[in-house]
Amino acid sequence: MTLALYGIPNCDQVKKARTWLASHDQTVVFHDFKKAGISRALIESWLQHVAWEVLINRKGTTWRALADERKGAIIDADSAIVLMLEAPSVIKRPVLVTPSHTVVGFSDDVYQQLFKK
């Protein structure tokens, strides 16, 4: 199974996901979207599996630092994509992509279910 994990290496949730995946013998390709960037096509592929509201991290400092007018302008997938391309740190992390799933955020329980043997 080919796995890709998207995020920022110093993010606590990304660290937890990477540790969990390694301890469960899951080989994963890590993509640091702050350094390597992110594309509209990639975000759109995630949106085929999860809602744009799930991808926007409204609890993070990047979101909180936005002007209220900017926050109010995020009303649909298109406006959310534009924001995610401008400020990738607003994306909830990590994003784990498997051949059949896209999982946003880290949850031990969700990962256990996903990788049941």
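Under this note's numbering, read the sequence shown as residues 1216 to 1332, first letter to last.
C-beta: ideal position from N, C-alpha, C; glycine also.
Beta-carbon proximity list for residue i, same chain, < 7 Å, skipping 5 on both sides
{"i": "Leu1326", "result": "Looking at the sequence itself, residue 1326 is Tyr, so the reference to Leu does not match. So the list reads Trp1235, once near-sequence residues are dropped."}
{"i": "Ala1302", "result": "Thr1277"}
{"i": "Gln1241", "result": "Leu1218 and Phe1330"}
Those residues which DSSP pairs with residue i across a bridge
{"i": "Tyr1221", "result": "His1246 and Val1310"}
{"i": "Thr1234", "result": "Answer is none; Thr1234 lacks a bridge partner."}
{"i": "Ile1271", "result": "Ile1306"}
Close-in-space but distant-in-sequence residues of the same chain around residue i (CB under 8 Å, 5 per side omitted)
{"i": "Ser1294", "result": "Ala1288"}
Same chain, Cβ closer than 6 Å to residue i, neighbours up to 5 away in sequence not counted
{"i": "Ile1258", "result": "Ile1296 and Met1299"}
{"i": "Gly1320", "result": "Lys1307"}
Top-ranked residue by Cα proximity to residue i, from the options
{"i": "Ala1219", "options": "Gln1328, Arg1279, Val1265 and Asp1247", "result": "Asp1247"}
{"i": "Pro1314", "options": "Ala1237, Trp1261 and Lys1307", "result": "Trp1261"}
{"i": "Tyr1221", "options": "His1239, Lys1250 and Ser1238", "result": "Lys1250"}
{"i": "Val1244", "options": "Asp1291, Asp1227, Asp1324 and Val1310", "result": "Val1310"}
Start and end residues, alpha helix (DSSP H) containing residue i
{"i": "Val1265", "result": "Per DSSP, Val1265 belongs to no alpha helix (DSSP H) and is neither H nor E."}
{"i": "Ile1296", "result": "Ala1292 to Glu1301"}
C-beta atoms of residue i and residue j nearer than 8 Å
{"i": "Ile1253", "j": "Val1305", "result": "no"}
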